[in-house]
Amino acid sequence: MRNTRTMFPAAGLLAVAGLLLSGCAGAGGDSSDGSASTYNVYALLPQGTDQPYGTTYLPAMQAKADELGIKLTITNSKYDADTQASDCEVAVAAQPDLIILWPAVGDTVRPCLEAAKAAGIPVTATNSDVNPEDKSLIKGYSGPDTYGQGQASAEMMCDAAAGAPTNIIVINGLTGNSTAINRHDGFADYIAKSCTNITILAEQPGNWNKDDSQIAASEMLTSVGAENVQGIYAADDTMVAGAIDALKARGIDPSSLIITSIGNTKLGNPLVISGELYGTVFQSSSWDGENAVVLAYNVLTGKPVEENLFMPSVKVTKDNASDPSVAPEW
Amino acid sequence: MKLGTEQSGLLGRVRNLAARRTEGRGLILLALVIIVVAILEPTAFTAYSVTLGRVALIGLVALGLTAVILMGELDLSVASTLAVSGVIMASIPDLGLGIVVALAAGILIGIVNAVFVVYVGINSFIATLGMLFALRGLAFVISDEKPVRLSNIDAGIAFGAPLIGPVTPRVLIFIVAFIALQVFLTRVRAGREFYAVGGNRQAAFDAGIPVRRRIFTGFMISGFVAALAGVINTLERTAADPTAGSSVLLASFAAAIIGGVVLTGGRGSVVGTLIGALSLGILQVALTLSGVQTDIQDIFIGSILLIAVITDPTQLRAAAASVRSFFQRREKAQIPT
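Going down the list, the protein sequences come from chains A and B.
Start counting the first sequence at 392; every next residue gets the next number (my numbering).
Start counting the second sequence at 2; every next residue gets the next number (my numbering).
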């Protein structure tokens with residue numbers, strides 16, 4: 392008993408030492424070595440290597456930064472608005488040459504943008520744009536046209552429905568997230584205006600997560616009756632995979648429904664080829680990461696920049712899913 | 002030292018003080034953090050307005066939690082209270098009225114938590130865990146699952162501006178809350194009775210302390226302070242996010258534990274919580290300035306939390322006694338008979 396008492400603190404201290412050493416080993420993190428860096432740039436991101444998209448977004452971003460002589464300091468707020476606001480305060484205090492902002496929650500970034508403006512630090516947005524009323528506070532946006540992606544997904548569903556009455560369920564992204572809101576609005580607006588034969592029976596957030604999406608889809612199928620559902624829209628491929636699993640769990644063949652999503656990921660692309668997913672919209676994470684730095688560099692070097700540098704929203708169906716130009720990246 | 006005896010002399014007084022106080026480990030950790038940060042990332046101190054803001058962000062909710070933990074209870078609902086109070090406030094067009102209703106909602110949530118703990122007899126961990134989920138859902142329902150922007154965004158931006166030097170309203174409110182809670186817990190009889198309730202509830206009851214009333218007060222303080230943090234966050238961000246507070250709960254508990262507040266109740270102080278919040282805040286700002294990713298930051302913070310728990314004086318004394326007796330047994334075994 393006494394030996395156990397001695398061993399617990401000792402083992403604990405050893406474990407802590409190990410944790411700290413592993414922390415020190417990784418602490419070099421995502422800052423480039425800066426040996427040939429000309430510009431210091433803070434990238435305030437809501438995700439990093441903890442998400443599949445970030446895993447391929449970050450290397451492309453870092454590689455382009457190294458190529459252009461930009462020293463990047465990257466933060467990850469994990470979609471927490473308070474954490475990102477706090478990261479922004481730190482970034483402004485560090486007085487970098489520019490801040491690249493990927494808003495965790497678009498409605499909450501105005502104070503950050505105002506603080507950067509007051510400190511004379513230019514800001515560009517990546518991946519998720521700021522609200523229209525805040526556009527004057529940024530130098531430009533690069534990334535997907537998130538509203539257009541929702542619309543493109545709706546167009547595919549509308550084409551597949553071919554005017555037949557179609558009841559669908561909708562699985563949205565993380566509540567409050569700018570991308571989730573824009574994709575939803577793009578999809579819903581197009582359906583309401585141009586495809587009135589499609590009816591949304593129910594919608595729930597799937598939190599960009601396969602398991603959450605599977606549960607949400609399963610609940611909605613139960614509440615509205617699976618027999619009444621002819622289609623599913625999910626705001627990304629990870630969530631659509633969860634929805635397809637929910638259908639399979641009920642013995643329903645997914646290819647008998649019209650299912651669309653966004654991403655054309657390594658998870659979604661094979662589903663399109665197999666016919667379980669009717670169509671998805673290609674989003675290139677490497678294009679996104681790379682062009683965030685390109686836009687920043689253009690602003691820093693005084694080159695003219697467009698207000699929006701949109702990633703092309705390419706529709707991917709069974710016809711072109713195996714084309715190398717839309718090979719999935721994440 | 003025998004129970005009830007006090008050591009005289011300077012050394013004895015220092016020992017007595019060290020035995021009574023629980024902030025020692027927190028102070029040592031804070032000193033270590035300050036030294037390391039001063040050497041490796043001194044910008045964290047030159048950008049003191051940012052560091053102060055981070056300390057206030059972590060510390061405010063931790064102060065309210067301290068009141069509950071001192072009585073041996075937990076309040077896991079603080080993060081959801083923060084979110085729902087912010088959403089309530091932003092949903093009311095009149096800013097002043099919104100703040101009052103949001104703060105009242107915080108107190109009400111504290112009362113409901115206390116009812117479950119005191120009258121229904123549910124363990125506070127379970128009761129407040131249920132409240133955590135219920136309030137999160139309520140925040141989504143009220144906000145229609147979207148962030149709610151303030152009707153007066155300019156007022157929010159003005160609120161985030163410094164008043165004097167680096168002192169923003171958030172920092173000022175944190176300082177006022179700290180002083181108020183410190184005075185309450187050390188100078189007011191009802192506050193001092195929190196320690197008795199947490200130390201030995203039955204003895205406190207037998208001594209005529211209104212235990213139920215004190216638990217109600219503790220949860221009301223916790224709810225009010227969490228709602229206050231929600232109001233401040235909403236003003237500073239100019240919008241209420243129904244998903245807000247996800248990082249607050251763990252950081253607040255970490256600040257209290259690092260500061261020496263004992264989870265079983267009866268020991269600890271808001272000074273300790275302040276020390277814990279300072280350690281965490283300075284460390285987080287320094288790591289962010291150094292470009293260290295949040296995953297790695299979590300490793301550092303988790304390690305510090307573990308050190309704080311492992312180096313608990315009671316555990317260390319027990320370990321030292323075990324080591325002494327081990328060597329004494331070996332010495333005896335080596336003496337030839």
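We put the beta carbon where it would ideally sit given N, CA and C, even for glycine.
Fair warning: this is a prediction, and the values are worked out from it, not measured in the lab.
Along the alpha helix (DSSP H) that carries residue i, what are the first and last residues, could you check?
i	result
B/Met72	Neither: B/Met72 is in no alpha helix (DSSP H) and is coded neither H nor E.
A/Lys584	569-585
A/Ser652	First-last for A/Ser652: undefined, no H or E at that position.
A/Gly497	Unbroken run through A/Gly497: none, as it is neither H nor E.
B/Ser86	79-92
A/Gln473	The sequence as given places Asp at residue 473 of chain A; Gln does not occur at that position. A/Asp473 -> alpha helix (DSSP H) spans 472-485.
A/Trp678	676-691
A/Asp628	628-640
B/Thr187	170-188
B/Ala245	First-last for B/Ala245: undefined, no H or E at that position.
I'd like to confirm the pairing. Which residues does DSSP put opposite residue i in its beta bridges?
i	result
A/Thr466	A/Leu435
A/Thr557	A/Ile589
A/Val514	A/Ile490
A/Tyr430	A/Ile461
B/Ala240	B/Arg150
A/Asn699	A/Tyr532
A/Asn563	A/Pro596
What is the DSSP secondary structure of residue i, counted as helix, strand or coil?
i	result
B/Lys147	coil
A/Ser594	Looking at the sequence itself, residue 594 of chain A is Glu, so the reference to Ser does not match. Looking at A/Glu594 - three-state DSSP - the assignment turns out to be strand.
A/Thr671	strand
A/Gly460	coil
A/Ser704	coil
A/Gly502	It is worth fixing the name first, because residue 502 of chain A is Pro in this sequence and not Gly. The answer is helix: DSSP assigns A/Pro502 an H, G or I state.
B/Ile165	strand
B/Asn114	helix
B/Ile40	helix
A/Asn660	helix
A/Asn600	coil
B/Ile233	helix
B/Thr295	helix
A/Asp714	coil
B/Gly267	coil
A/Leu728	Any answer about residue 728 of chain A is impossible in this case: the structure gives chain A only from 392 up to 721.
B/Thr129	helix
A/Glu610	helix
B/Ala48	coil
A/Val615	helix
B/Glu24	coil
A/Glu720	coil
B/Ala319	helix
B/Val212	helix
Note the first and the last residue of the continuous beta strand (DSSP E) segment covering residue i.
i	result
A/Gly666	Looking at the DSSP string, A/Gly666 is not in any beta strand (DSSP E), and its letter there is neither H nor E.
A/Ala625	622-625
A/Glu533	The question names Glu, but residue 533 of chain A is Ser in the sequence shown. Per DSSP, A/Ser533 belongs to the beta strand (DSSP E) from 531-535.
Assign residue i to one of two classes, buried (16 or more other C-beta atoms within 10 Å of its C-beta) or exposed (fewer than that).
i	result
A/Thr466	buried
A/Glu698	exposed
B/Ile300	buried
A/Val631	buried
A/Glu524	exposed
A/Leu658	buried
B/Phe126	exposed
B/Ala204	exposed
A/Ala509	exposed
A/Thr692	exposed
A/Tyr532	buried
B/Phe327	exposed
B/Glu194	buried
B/Ala159	exposed
Which residues of chain C have a Cβ atom closer than 7 angstroms to the Cβ of residue i, listed in chain order?
i	result
B/Val51	Annotation note: the requested chain C is absent from the structure, which comprises protein chains A and B.
Cβ pair count under 8 angstroms reaching 3, the segment 135-154 of chain B against the segment 71-90 of chain B: With the cut-off at 8 angstroms, the segment 135-154 of chain B and the segment 71-90 of chain B touch.
Check whether the segment 167-184 of chain B and the segment 49-62 of chain B are in contact - that is, three or more C-beta pairs closer than 8 angstroms. Contact between the segment 167-184 of chain B and the segment 49-62 of chain B is established, with three or more Cβ pairs separated by less than 8 angstroms.
Three or more C-beta pairs under 8 angstroms: does that hold for the segment 28-45 of chain B against the segment 278-286 of chain B? Between the segment 28-45 of chain B and the segment 278-286 of chain B, the count of C-beta pairs closer than 8 angstroms reaches three or more; the two stretches touch.
Using 8 angstroms as the cut-off, can you tell me whether the segment 494-514 of chain A makes contact with the segment 143-151 of chain B, which would need three or more C-beta pairs spanning the two stretches below that distance? They touch, by the three-pair rule.
When the Cβ atoms of the segment 549-569 of chain A are set against those of the segment 597-609 of chain A, are three or more pairs found closer than 8 angstroms? Counting Cβ pairs under 8 angstroms, three or more are found: they touch.
Below 8 angstroms, can you find three or more Cβ-Cβ pairs linking the segment 576-591 of chain A to the segment 604-619 of chain A? For the pair of segments examined, the segment 576-591 of chain A was found not to touch the segment 604-619 of chain A: the number of CB pairs separated by less than 8 angstroms stays below three.
Is there contact here, the segment 41-60 of chain B with the segment 88-105 of chain B, by at least three beta-carbon pairs under 8 angstroms? Touching, no.
Decide if the segment 99-106 of chain B is in contact with the segment 244-251 of chain B; the criterion is three or more beta carbon pairs, one per stretch, under 8 angstroms apart. A contact is defined here as three or more CB-CB pairs under 8 angstroms, and the segment 99-106 of chain B fails this definition with respect to the segment 244-251 of chain B.
Contact the segment 72-81 of chain B vs the segment 198-218 of chain B: 3+ CB pairs below 8 angstroms: The answer is yes - the segment 198-218 of chain B touches the segment 72-81 of chain B, with three or more Cβ pairs under 8 angstroms.
Contact the segment 444-451 of chain A vs the segment 671-679 of chain A: 3+ CB pairs below 8 angstroms: Counting Cβ pairs under 8 angstroms, three or more are found: they touch.
Decide yes or no for the touch test of the segment 472-482 of chain A against the segment 700-714 of chain A: beta carbon pairs closer than 8 angstroms, at least 3 of them. Too few Cβ pairs lie closer than 8 angstroms, so no.
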